[in-house]
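Asks: One structure, as structure tokens, below. Some questions next.
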Amino acid sequence: MSRDIRECDLMVIGAGLAGSAAALFAAKRGLSVVQAGGTGAIAYTSGYFDVLGAVPPRGPEGGIHLVEKPFQGLAELLASYPRHPYRLTSPGLIKAALAEWVDFLANRGLPYVAEAETNVVAPSPAGTLKHTYALPETMWPFVRLLKEKPACLLVDFYGLNGFSARQVAANLLPLWPGLRVERIHFPAHAGGEVFPENAARSLELPKHRETLAEAVRPLLGDAACLGLPALLGMNGCGAVRADLEERLGVTVFEIPTMPPSVPGIRLREAVENGLPELGVELYSQQMVRLERMESSGLEFTIHGQSMERRVRCRGVILASGRFLGGGLASTQTEVRETIFDLPVAQPEDRSGWHRLDYFDPRGHPVHQSGIEVDERFRPLGAGGKPVCPTLFAAGSILAHQDWMRMKCGAGVALATALGAVESLIAELGTVSGDLATVPAG
Numbered sequence: 009m010s011r012d013i014r015e016c017d018l019m020v021i022g023a024g025l026a027g028s029a030a031a032l033f034a035a036k037r038g039l040s041v042v043q044a045g046g047t048g049a050i051a052y053t054s055g056y057f058d059v060l061g062a063v064p065p066r067g068p069e070g071g072i073h074l075v076e077k078p079f080q081g082l083a084e085l086l087a088s089y090p091r092h093p094y095r096l097t098s099p100g101l102i103k104a105a106l107a108e109w110v111d112f113l114a115n116r117g118l119p120y121v122a123e124a125e126t127n128v129v130a131p132s133p134a135g136t137l138k139h140t141y142a143l144p145e146t147m148w149p150f151v152r153l154l155k156e157k158p159a160c161l162l163v164d165f166y167g168l169n170g171f172s173a174r175q176v177a178a179n180l181l182p183l184w185p186g187l188r189v190e191r192i193h194f195p196a197h198a199g200g201e202v203f204p205e206n207a208a209r210s211l212e213l214p215k216h217r218e219t220l221a222e223a224v225r226p227l228l229g230d231a232a233c234l235g236l237p238a239l240l241g242m243n244g245c246g247a248v249r250a251d252l253e254e255r256l257g258v259t260v261f262e263i264p265t266m267p268p269s270v271p272g273i274r275l276r277e278a279v280e281n282g283l284p285e286l287g288v289e290l291y292s293q294q295m296v297r298l299e300r301m302e303s304s305g306l307e308f309t310i311h312g313q314s315m316e317r318r319v320r321c322r323g324v325i326l327a328s329g330r331f332l333g334g335g336l337a338s339t340q341t342e343v344r345e346t347i348f349d350l351p352v353a354q355p356e357d358r359s360g361w362h363r364l365d366y367f368d369p370r371g372h373p374v375h376q377s378g379i380e381v382d383e384r385f386r387p388l389g390a391g392g393k394p395v396c397p398t399l400f401a402a403g404s405i406l407a408h409q410d411w412m413r414m415k416c417g418a419g420v421a422l423a424t425a426l427g428a429v430e431s432l433i434a435e436l437g438t439v440s441g442d443l444a445t446v447p448a449g
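Yeah, the sequence shown ends on 449 if you go by our numbering, and it's all consecutive.
Printed below as a string of structure tokens:
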């Protein structure tokens with residue numbers, strides 16, 4: 009381990025959507041940033057960005073209310089769930105965070121498309137439909153085509169697990185009668201399993217796209233559009249899609265596959281490559297251990313994969329996620345926060361974690377477990393006061409939201425990340441803007 013200590017304005021713990029957004033927002037506002045954590049959870053996303061897609065009922069007899077206008081729907085959500093983290097935000101803050109994030113992705117070759125105020129309907133990997141807000145540009149044509157319902161061909165590949173064109177069509181046919189399905193061999197694949205990441209990189213080669221086009225062309229018939237699993241390149245996916253459209257003369261769109269998915273890996277690579285270019289010192293797939301916490305600053309050890317690095321920072325944003333991200337962990341009796349041992353809002357005992365009906369429309373109480381924060385996103389201790397004036401939290405680790413059921417994950421992650429960064433800057437007063445290394449001692 010190096011005895012030198014890295015000094016910075018901000019340490020971001022977590023490299024999922026909230027952590028990466030916090031690092032981006034902070035770096036663009038002049039803070040020196042060190043970020044550490046696993047990015048694996050990003051790869052498990054569909055690629056869609058949800059703001060608010062559904063409001064679960066408060067009682068067992070009600071049904072889930074689907075939300076068409078997410079920013080207008082915030083009032084309905086907060087009327088039923090007044091402690092939801094959106095209470096600390098505003099429609100303006102959510103929109104600003106989304107705009108800054110998608111601008112970053114567009115500059116990394118991963119453009120997104122959204123309606124200004126309205127959710128759209130998009131397919132899941134199984135072909136069921138969900139309300140979401142923003143889609144990768146490669147998936148956006150589906151939104152228009154579902155309304156127009158032209159003749160359309162869906163294609164999948166022998167050996168590709170986690171996606172079935174036949175299943176997608178079976179779920180969509182009642183709404184889109186003009187769907188047909190074909191299965192073909194993947195270009196230049198010798199047989200056996202087709203791995204999504206390898207397949208996506210393969211289609212970045214023009215010769216493989218031509219082979220794919222030659223295989224699909226005689227199957228098109230009267231189809232005006234072609235739906236493919238989301239494998240159209242890892243980098244420059246828009247150019248890959250445009251090239252196939254030119255070769256085939258039809259509209260081409262991607263459909264998500266089961267995670268870990270290519271759209272999620274695209275996001276991960278955009279973050280891992282883009283944030284360091286903005287000055288963020290990123291320690292991907294590393295763990296963090298707290299060494300010291302005082303009002304004057306905090307110290308951590310970043311460790312894992314045969315390395316250790318000591319970091320001293322003026323402020324921290326905790327965006328370590330819930331169970332998948334490792335921010336929360338459960339024992340036989342309780343849910344715990346893993347870095348600071350912060351109090352976790354949770355059911356009184358394990359018997360209250362889950363409801364008797366697995367499909368209860370209200371969801372399960374354990375899925376709203378998390379960290380309580382004040383109006384400035386500072387985690388609260390057992391006495392109800394901030395644990396540390398320069399410790400902030402953002403993202404899914406925040407209590408009182410079930411992002412999976414409410415379809416609000418990206419909105420919560422991005423808006424609370426921006427809110428936490430703005431609160432941190434207000435608390436610090438000034439920023440250094442420069443990373444520094446000093447001898448330990």
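A virtual CB, placed ideally from N, CA and C, is assigned to each residue, including glycine.
Small disclaimer: the values here were computed from a predicted structure and weren't measured.
For G67, count the other beta carbons within 10 Å of its own beta carbon; 16 or more makes it buried, fewer makes it exposed. Which is it?
Replies: It is exposed - the Cβ of G67 has fewer than 16 other Cβ atoms within 10 Å.
Asks: From D111 to M266, what does the alpha carbon distance come to, in whole angstroms?
Replies: In a straight line, the C-alpha of D111 is about 26 Å away from that of M266.
Asks: Tell me which residue opens and which closes the alpha helix (DSSP H) that H216 is part of.
Replies: That run of the alpha helix (DSSP H) goes P214 to V224.
Asks: Assign Y52 to one of three DSSP states: helix, strand, or coil.
Replies: Helix at Y52.
Asks: Quick check on G257: buried or exposed, where buried means 16 or more other Cβ atoms within 10 Å of its Cβ?
Replies: G257 comes out exposed.
Asks: Entirely within the region 317-347 and at least 3 residues each: give me those beta strand (DSSP E) ranges in chain order.
Replies: Taking only runs of at least 3 residues, the beta strand (DSSP E) segments lying wholly in the region 317-347 are 336-338 and 343-345.
Asks: With a CB to CB cut of under 8 Å and the five nearest residues on each side skipped, what residues in its chain are close to R330?
Replies: If we look at R330 and ignore the five residues flanking it on each side, its Cβ neighbours are L336, S377, G378, S404 and I405.
Asks: When we look at the beta-carbon of T97 and count the other beta-carbons within 10 Å, is it buried (16 or more) or exposed?
Replies: Buried, since its Cβ has 16 or more Cβ neighbours within 10 Å.
Asks: With distances taken between CB atoms, is the gap from V147 to E262 smaller than 8 Å?
Replies: Here residue 147 is Met; the residue named in the question, Val, does not match the sequence. Contact: yes.
Asks: State the DSSP-derived secondary structure class of L460, mapped to helix, strand or coil.
Replies: Given that the chain is displayed from residue 9 to residue 449, the structure contains no residue 460 and the question cannot be resolved.
Asks: Write down every uninterrupted run of the beta strand (DSSP E) in the region 23-77 whose length is 3 residues or greater and which is fully enclosed by it, in chain order.
Replies: Whole beta strand (DSSP E) segments, 3+ residues: 41-45.
Asks: Going by CA-CA distance only, name the one from R358, I102 and G241 that's closest to P204.
Replies: Nearest option by C-alpha distance: G241.
Asks: Any contact of the region 84-99 with the region 166-174, i.e. 3+ C-beta pairs under 8 Å?
Replies: Touching, no.
Asks: Thinking just about the alpha-carbon of each residue, which of E430, A35 and S359 is nearest to the one in R384?
Replies: It is E430.
Asks: Quickly, what does DSSP pair P394 with across the bridge? List them, please.
Replies: L388, per the DSSP bridge assignment.
Asks: Whose C-alpha, out of T341, K415 and T339, is nearest the C-alpha of A62?
Replies: Of the candidates T341, K415 and T339, the one whose C-alpha sits nearest the C-alpha of A62 is K415.
Asks: V381 and A401 - do their beta-carbons sit closer together than 8 Å?
Replies: Yes, they are a contact pair.
Asks: Given this structure, state the Cα-to-Cα distance separating E299 from V41, to the nearest angstrom.
Replies: Cα-Cα distance, rounded: 18 Å.
Asks: Just curious, the alpha helix (DSSP H) that S292 is in, first and last residue?
Replies: First-last for S292: E289 to S292, but that is the beta strand (DSSP E), not the alpha helix (DSSP H).
Asks: Enumerate in chain order the residues of its own chain whose CB-to-CB distance from C245 is below 7 Å, with the five nearest sequence positions on each side excluded.
Replies: The answer, listed in chain order, is T146 and R274.
Asks: Can you check the region 242-310 for any alpha helix (DSSP H) of at least 4 residues that lies completely inside it and give the ranges in chain order?
Replies: Here the runs fully enclosed are 245-256 and 270-285.
Asks: Pull the bridge partners of H139 from the DSSP assignment, please.
Replies: Paired residue(s): V129.
Asks: Alpha carbon to alpha carbon, how far is V352 from A83? Give it in angstroms, no decimals.
Replies: Approximately 26 Å, taken between the alpha carbons.
Asks: I need the boundaries of the beta strand (DSSP E) containing V352, first residue and last residue.
Replies: V352 -> no beta strand (DSSP E), and no H or E assigned at all.
Asks: Between the region 356-371 and the region 48-59, do three or more beta carbon pairs fall short of 8 Å?
Replies: Because the criterion of three Cβ pairs below 8 Å is not met, the region 356-371 and the region 48-59 do not touch.
Asks: Examine the Cβ distances between the region 192-209 and the region 222-230 and report whether three or more of them are shorter than 8 Å.
Replies: At 8 Å Cβ cutoff, the stretches touch.
Asks: Among K103, L162, E125 and H139, which one has its Cα closest to the Cα of H450?
Replies: No answer is possible for residue 450: the residues shown for the chain start at 9 and end at 449.
Asks: Would A30 pass as a contact of A425 if the rule is Cβ separation under 8 Å?
Replies: Taking 8 Å as the Cβ cut-off, A30 and A425 qualify as a contacting pair.
Asks: In terms of residue numbering, what span does the alpha helix (DSSP H) encompassing A428 cover?
Replies: Per DSSP, A428 belongs to the alpha helix (DSSP H) from G417 to L436.
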